[in-house]
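Q: End of the sequence shown sits at 1077 in the numbering used here; the numbers just go up one at a time, nothing left out.
All C-beta atoms, glycine included, are put in the ideal place defined by N, C-alpha and C.
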Amino acid sequence: MRTSLLAFSLIIICSLGSFATDDTGFAQYKIRRMSPVGGLGVNGQRDVRQDKWGFVWVITVNNLFRFDGYTFKHYTNKLEKPETASAWSFERLEVDKSGDIYITSNVGLLKYNPLTDNFDYLVRGSVKMVEEDSQGRLWMSTPSALGLYNRKTLEFSPIDSDAGPVRNVSAICVNSRRIYVGTSTGDIYMFDENKGRCKHVFSQPQYNIVDISNTDSILYVLTENMGLIKISADTYREVQTYDFFYPERDVRVSARALFIDKYKHLWITSQRGIYIFNPINEEYTHYAYDKNDPYGMPSSSVWRISEDQQGNLWFGTYSGGLCFVNLNERKKLRTFNGRIDDLSYTVVSS
């Protein structure tokens, strides 16, 4: 098992890079497809994460899989049967700093137990989101509350705002020194460490917030059908709105998720494919389904993007399967000169 995972990782890490770019200066990435030919018989991947053992976990709306680099193992039937629902409805995956995997679902919060090769219930009842912050705290949301889950006492402690419980949470941003929470009703809260409460900092009722990411000075808020909103993290006022991923202002196709890569480019997933946006020059490139491109998108409907331990970006699609992108692998080969690279002899064949 370890041998197969190591081989799989080396294949990814050792892929050759290049400097191929499109007309806007963005890299022309190769998109590698892992399913359904790879064994994942159910399409519609919602979320993807890699655990500390190197396994890649995948959830669909009603199914859970584990990928070992070669095959997919189906875990749904191993789980305890839902008591109050006719079927599983999985929401999100999260991996903490120890590499342990968590799943949120309509019937509770689950954590993988390697001793039983199954999942333990941590919290009963519907759990929407779970995120670990830089201090190792596990943030969790239910349909009616936001709070912290204590992994030692196994208790959930709600955290309110000055106006009461924080409901309808749709995004939790923990990737900077501040923690932000967005809701499907257009509200943004910032957690006040001194008071131990959430401070209401922004409200726009027509915004259905689906994701939030930020730098120290800018808060990027992705809405379902009102565009990408750039907000000052100092004044909490809107700076600019981008709606390039709604061609001809057609907002019927929803945006899904937001991810910032190592080049500080913003990846926006939607049912029209993936848009990669450079906030410095405000240019973007678009990846959508192309049946003639073997290294292109297998489907234009994409949910979330996650980064694995090797720096590859994984994403699932509807009707197209599981994919990953190595940011160092481009669509053209890089050439090497023996004299420059200090090889002992000139290469004449390979």
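Which two residues bound the contiguous beta strand (DSSP E) that contains histidine 992?
A: Unbroken run through histidine 992: none, as it is neither H nor E.
Q: Within a Cβ cutoff of 6 Å, which residues of the same chain sit near leucine 791, ignoring the five residues on either side of it in sequence?
A: Tyr802, Thr803
Q: Can you tell which of Gly863, Tyr1011, Gln772 has the C-alpha that lies nearest to the C-alpha of asparagine 902?
A: Gly863
Q: So does aspartate 988 have its beta carbon nearer than 6 Å to some heavy atom of the ligand NAD?
A: Questions concerning the ligand NAD fall outside what the structure shown contains, since it holds no ligand whatsoever.
Q: Enumerate in chain order the residues of its own chain whose CB-to-CB distance from serine 816 is below 7 Å, with the five nearest sequence positions on each side excluded.
A: Val788, Asn789, Ser832, Asn833
Q: Over the uninterrupted beta strand (DSSP E) stretch that includes proline 885, give me the two end residues.
A: 882 to 885 is the span of the beta strand (DSSP E), which, as asked, contains proline 885.
Q: May I ask you to list the residues that DSSP assigns as paired with tryptophan 1041?
A: Ser1033, Phe1051
Q: Can you give me the Cβ contacts of aspartate 938 inside the same chain, cut-off strictly under 7 Å, excluding the 5 residues immediately before and after it?
A: Setting aside the 5 residues that flank it on each side, aspartate 938 is surrounded in the same chain by Ala898, Leu949, Ala984, Leu985, each with a C-beta closer than 7 Å to its C-beta; the list follows chain order.
Q: If you scan the segment 927 to 954 from start to end, which runs of the beta strand (DSSP E) of 3 or more residues do you find wholly inside it?
A: Qualifying beta strand (DSSP E) stretches, in chain order: 936 to 941, 945 to 950.
Q: For glutamate 1056, which three-state DSSP category applies?
A: Strand, per DSSP.
Q: Report the option in Leu881, Pro932, Ile936, Phe846 whose CA atom is closest to the CA atom of tyrosine 907.
A: Taking only the C-alpha atoms, the option nearest tyrosine 907 is Ile936.
Q: Looking only at its own chain, which residues have a Cβ that is under 6 Å from the Cβ of tyrosine 934, when we skip the five neighbours before and after it?
A: Gly913, Thr950, Met953
Q: Taking only three categories from DSSP, how would you classify lysine 922?
A: coil
Q: In whole angstroms, what is the alpha-carbon distance linking leucine 993 and glutamine 967?
A: 15 Å
Q: When DSSP labels each residue in this structure, what does arginine 851 get in the three-state scheme?
A: strand
Q: Assuming serine 709 and tyrosine 1045 are in contact, meaning their beta carbons sit under 8 Å apart, how far apart are those beta carbons, in whole angstroms?
A: Limits of the chain in this structure are 728 at one end and 1077 at the other, which puts residue 709 out of reach.
Q: Output needed for cysteine 1050: all residues of its chain with C-beta closer than 8 Å, excluding positions within five of it in sequence on either side, in chain order.
A: Ile758, Arg759, Arg760, Met761, Met1024, Pro1025, Trp1041, Phe1042, Gly1043, Thr1044.
Q: Closest to aspartate 1035 by CA distance: which of Glu965, Ile995, Val896, Lys824 is it?
A: Lys824
Q: Taking all protein chains shown into account, decide if leucine 881 is buried (16 or more other Cβ within 10 angstroms of its Cβ) or exposed.
A: When all chains shown are included, leucine 881 counts as exposed.
Q: Between the C-alpha atoms of arginine 1057 and arginine 793, what's the straight-line distance to the nearest angstrom?
A: 27 Å
Q: Taking C-beta to C-beta, are isoleucine 987 and serine 940 nearer than 7 Å?
A: yes
Q: Are the CB atoms of asparagine 1055 and asparagine 1039 within a distance shorter than 7 Å?
A: no
Q: Count the other CB atoms, across all protein chains shown, that sit within 10 Å of the CB of arginine 904; report buried if there are 16 or more and exposed otherwise.
A: exposed
Q: Under the rule that 16 or more other beta-carbon atoms within 10 Å means buried, what is tyrosine 990, buried or exposed?
A: exposed
Q: So, at 8 Å on beta carbons, what are the nonlocal neighbours of methionine 728 in its own chain, with the 5 sequence-adjacent residues on each side left out?
A: For methionine 728, the predicted structure reports a pLDDT of 46, less than 50, and the residue's modelled location is therefore unreliable. The matter cannot be settled from this model.
Q: What span of residues does the beta strand (DSSP E) with tyrosine 1014 cover, start to end?
A: 1010 to 1014
Q: Can you grab the Cα-Cα spacing for the pair glutamate 821 / glutamate 858, in whole Å?
A: 6 Å
Q: Going by DSSP, name the residue or residues bridged to tryptophan 780.
A: In the DSSP secondary-structure assignment, tryptophan 780 is not bridged to any residue.
Q: Ordered along the chain, which non-local residues of its own chain (more than five positions away) have a Cβ less than 6 Å from that of valine 928?
A: Ile915, Met917, Tyr963
Q: For the segment 867 to 917, list the beta strand (DSSP E) runs that are entirely contained and at least 3 residues long, ordered along the chain.
A: Considered as a whole, the segment 867 to 917 harbours 872 to 877, 882 to 885, 896 to 900, 907 to 910 as its complete beta strand (DSSP E) runs of no fewer than 3 residues, in chain order.
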